[in-house]
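Undergrad:
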Amino acid sequence: MATVESTSLPVKILTLALAGEAFALEAEVVREILDIVTITDVPNAPAYVWGLINVRGKVVPLVDLRVRFGLTRSDFTIDTRIVVIELDLDGEPTIVGLLADKVYEVTTINTESIEATPRVGLKWRAEFIRGIGRRGKDFLVILDIDRVFASDQQAFIGDNTRNNEITRFVHAG
Numbered sequence: 726m727a728t729v730e731s732t733s734l735p736v737k738i739l740t741l742a743l744a745g746e747a748f749a750l751e752a753e754v755v756r757e758i759l760d761i762v763t764i765t766d767v768p769n770a771p772a773y774v775w776g777l778i779n780v781r782g783k784v785v786p787l788v789d790l791r792v793r794f795g796l797t798r799s800d801f802t803i804d805t806r807i808v809v810i811e812l813d814l815d816g817e818p819t820i821v822g823l824l825a826d827k828v829y830e831v832t833t834i835n836t837e838s839i840e841a842t843p844r845v846g847l848k849w850r851a852e853f854i855r856g857i858g859r860r861g862k863d864f865l866v867i868l869d870i871d872r873v874f875a876s877d878q879q880a881f882i883g884d885n886t887r888n889n890e891i892t893r894f895v896h897a898g
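Under our numbering, residues 726 to 898 are what the sequence shown spells out, in order.
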């Protein structure tokens, strides 16, 4: 397998569990990690948008990564967390909450240990995966968080056609 990066650089990642698998995302996009809070339903939202939450006075969409990856939605447990991230959608910073079954730690891996995503044998959508990272004997599925939202960005951020709702949530500040 070819490596994703040609030079070895350390990268900080947040490790988390989702549907019994070890995932990671680059720590630089993570703003905070929350316990489950009050979630408000959003009529006509994409299936993977669980609802809206309040994060420090901001209205933030909450995305269920299980559903986004084509997996079955799961009940919350005592370990369920909301990972609040900041994305750049159309040149605007946008805050999003991601549901994770469990959050483990922030750690560092070298880019040379990240291999290309295998084309077969995955039970989740490969286009959302940056690569597979190795940490000792363990494998981490490294999310390409931009692609998670880029493939149908209009459905996620809204185009003002859903019941005339404005569904773009921009972090001011």
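Backbone N, C-alpha and C fix where the C-beta goes; we use that ideal spot for every residue, glycine too.
None of the values given here were measured: they were computed from a predicted structure.
Taking DSSP as the reference, what is the three-state secondary structure of Phe853?
TA: Within the sequence shown, numbered from 1, the residue matching residue 853 stands at position 128. Note: Phe853 maps to helix in three-state DSSP.
Undergrad: Across the segment 803-816 and the segment 830-842, are there enough close Cβ pairs to call them in contact, namely three or more that are closer than 8 Å?
TA: no
Undergrad: Who pairs with Asn835 in a beta bridge, going by DSSP?
TA: As a working note, residue 835 is residue 110 in the sequence shown. According to DSSP, which records beta bridges pairwise, Asn835 is partnered with Pro735.
Undergrad: Going by DSSP, what residue range makes up the beta strand (DSSP E) through Val755?
TA: Within the sequence shown, numbered from 1, the residue matching residue 755 stands at position 30. It spans Val755 to Leu759 - the beta strand (DSSP E) in which Val755 sits, taken as one unbroken run.
Undergrad: Just mark Val762 as buried or exposed, buried being the case when its beta carbon has 16 or more other beta carbons within 10 Å.
TA: Taking the sequence shown and counting its residues from 1, one reaches residue 762 at position 37. It counts as exposed.
Undergrad: If contacts are defined as beta-carbon pairs under 8 Å, then Lys783 and Ile820 qualify, I think. What distance do you get, rounded to the angstrom?
TA: The count along the sequence shown starts at 1 and reaches residue 783 at position 58. The count along the sequence shown starts at 1 and reaches residue 820 at position 95. Contact holds; Cβ gap of about 6 Å.
Undergrad: Measure from the alpha carbon of Leu865 to the alpha carbon of each residue in Leu777, Leu750, Trp775 and Pro735, then state which is nearest.
TA: Position 140 of the sequence shown holds residue 865. Residue Leu750 is the option with its Cα nearest to Leu865.
Undergrad: Anyone know if the C-beta pair for Trp775 and Asp760 falls short of 7 Å?
TA: Here the question's residue 775 lines up with position 50 in the sequence shown. Here the question's residue 760 lines up with position 35 in the sequence shown. Cβ atoms of Trp775 and Asp760: not closer than 7 Å.
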